[in-house]
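Numbering (the working numbering), first residue to last: 14 to 429.
Structural data, given as structure tokens:
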């Protein structure tokens, strides 16, 4: 998959706007219609939240395993673009993993190395920079969780919420779950270091400029936004991102993390704007006449796509902290869903998670696996992340001998 290279960004943005407005002369009226609908969704979610009702759908893992998740529950997950899956793992198992990770980072003196870590500029434009993210990818606990039958089943379920065949093409295999090795969050109680302000991952200015991104959002850019289906995978595995450390170059159906400790609202936890089609608002908002011709509401190449009150105020009404999580629960959100992290952890215990996303089998992801595999074998940071390479000489790092047959396949290793 070719990387997207833009030599003159202001000129590229101006050209993209000219092209997109020419294709949609009614861009003002279409946006007004869309803004009314999205605004009502946001207000409805806010009313539910203020009434103490659940806003983020919750599913029992046992119901996924038993194939008894109701059609109503699935429809709500697809409308909200997110869900909490309860008891993917027994809390005792999650607690053991948490203790193992604490031992792994402690005996390898990670804290001393963090002072020399590579700069991660991905979140540099966000008002809040980042929570306590550790550049650790290959602990045995992380590897075991990724290759587990439970989390694999959960991610297959999530992949299957997508239309993986449309426009006369098969876009991905939902039953294949490749590993996208990601980091850890270990947030101590009382930490007031900044979290993450509202943003989306998986592309910023590319969404307006790259041809395949435009095809993903073809119904939005044609003005027929009600036909836009966030769960239609057409063209998504074909998009081209601007290369940058910490910009995901895999196709993830859902981002996600698995809780290693109990945590909830106020504990520096995840916040979501649970509106699956909110990306349509972001895309058309940037075409409006009050935005400078060389600006896309502040979008910057190689960075998270920031959501800003001055441009996207109605969406903030729906920004909601996820519910109380227990160790072993997991939360997943659609790869286009707006999310944030609370600035302060006011709770009494560690707020620890493993970032583990859902990704399906496709050519784009197979190509990433080939680039990622040496990172696993050598203990290096994966290709999408800052090159800290902390774990090269870590004692207790997971190796090939720790992999199950499923784990080997998910990492792209030949069986044997």
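Built from N, CA and C at the ideal position, the CB exists for glycine as well.
For clarity, every value in this text was computed on a predicted model and none was experimentally measured.
Can you have a look at residue i and say buried or exposed, based on whether 16 or more other CB atoms are within 10 angstroms of its CB?
{"i": "residue 344", "result": "buried"}
{"i": "residue 370", "result": "buried"}
{"i": "residue 303", "result": "exposed"}
{"i": "residue 417", "result": "exposed"}
{"i": "residue 262", "result": "buried"}
{"i": "residue 293", "result": "buried"}
{"i": "residue 405", "result": "exposed"}
{"i": "residue 81", "result": "exposed"}
{"i": "residue 260", "result": "buried"}
{"i": "residue 18", "result": "exposed"}
{"i": "residue 200", "result": "buried"}
{"i": "residue 36", "result": "exposed"}
{"i": "residue 183", "result": "exposed"}
{"i": "residue 383", "result": "exposed"}
{"i": "residue 160", "result": "buried"}
{"i": "residue 428", "result": "exposed"}
{"i": "residue 394", "result": "buried"}
Measuring only between beta-carbons, confirm whether residue i sits less than 8 Å from chain C.
{"i": "residue 76", "result": "The displayed structure is made up of one protein chain only, and chain C is not part of it."}
Could you tell me whether the Cβ atoms of residue i and residue j are closer together than 8 Å?
{"i": "residue 107", "j": "residue 341", "result": "yes"}
{"i": "residue 281", "j": "residue 204", "result": "yes"}
{"i": "residue 366", "j": "residue 266", "result": "no"}
{"i": "residue 268", "j": "residue 338", "result": "no"}
{"i": "residue 16", "j": "residue 256", "result": "yes"}
{"i": "residue 169", "j": "residue 188", "result": "yes"}
{"i": "residue 288", "j": "residue 54", "result": "yes"}
{"i": "residue 223", "j": "residue 26", "result": "no"}
{"i": "residue 208", "j": "residue 356", "result": "yes"}
{"i": "residue 423", "j": "residue 192", "result": "yes"}
{"i": "residue 284", "j": "residue 198", "result": "no"}
{"i": "residue 399", "j": "residue 236", "result": "no"}
{"i": "residue 347", "j": "residue 243", "result": "yes"}
{"i": "residue 99", "j": "residue 78", "result": "no"}
{"i": "residue 291", "j": "residue 58", "result": "no"}
{"i": "residue 112", "j": "residue 210", "result": "no"}
{"i": "residue 185", "j": "residue 373", "result": "yes"}
Kindly identify the DSSP beta-bridge partner or partners of residue i.
{"i": "residue 365", "result": "199"}
{"i": "residue 272", "result": "366"}
{"i": "residue 404", "result": "DSSP, once it has assigned bridges, lists no residue as partnering residue 404."}
{"i": "residue 183", "result": "178"}
{"i": "residue 267", "result": "347 and 371"}
{"i": "residue 410", "result": "152"}
{"i": "residue 245", "result": "176"}
{"i": "residue 146", "result": "198"}
(request) Starting from the N-terminal side, write out each stretch of the alpha helix (DSSP H) that is 4 residues or longer and does not extend beyond the stretch 202 to 239. (result) 219 to 222, 224 to 229 and 231 to 234
(message) So within the stretch 19 to 94, which uninterrupted beta strand (DSSP E) runs reach at least 3 residues, ignoring any that extend past its ends?
(response) 71 to 73
(message) Contact between the stretch 212 to 228 and the stretch 313 to 322 is defined here as three or more beta-carbon pairs at a separation below 8 Å; is this criterion met?
(response) yes
(request) Answer yes if the stretch 295 to 313 comes into contact with the stretch 405 to 421, meaning at least three C-beta pairs across the two stretches below 8 Å, and no otherwise. (result) no
(message) Any contact between the stretch 79 to 93 and the stretch 154 to 166? By contact I mean 3 or more CB pairs, one from each, below 8 Å.
(response) no
(request) Would you check if the stretch 229 to 241 and the stretch 62 to 73 touch, i.e. whether three or more CB-CB distances between them fall below 8 Å? (result) no
(request) Would you check if there are 3 or more beta carbon pairs closer than 8 Å linking the stretch 232 to 252 to the stretch 322 to 330? (result) no
(request) Scan the stretch 311 to 386 and note each continuous beta strand (DSSP E) run of 3 residues or more that stays entirely inside, going in chain order. (result) 343 to 347, 352 to 354 and 364 to 368
(request) With a floor of 4 residues, list each alpha helix (DSSP H) that falls wholly inside the stretch 91 to 127, ordered by position along the chain. (result) 104 to 120 and 123 to 127
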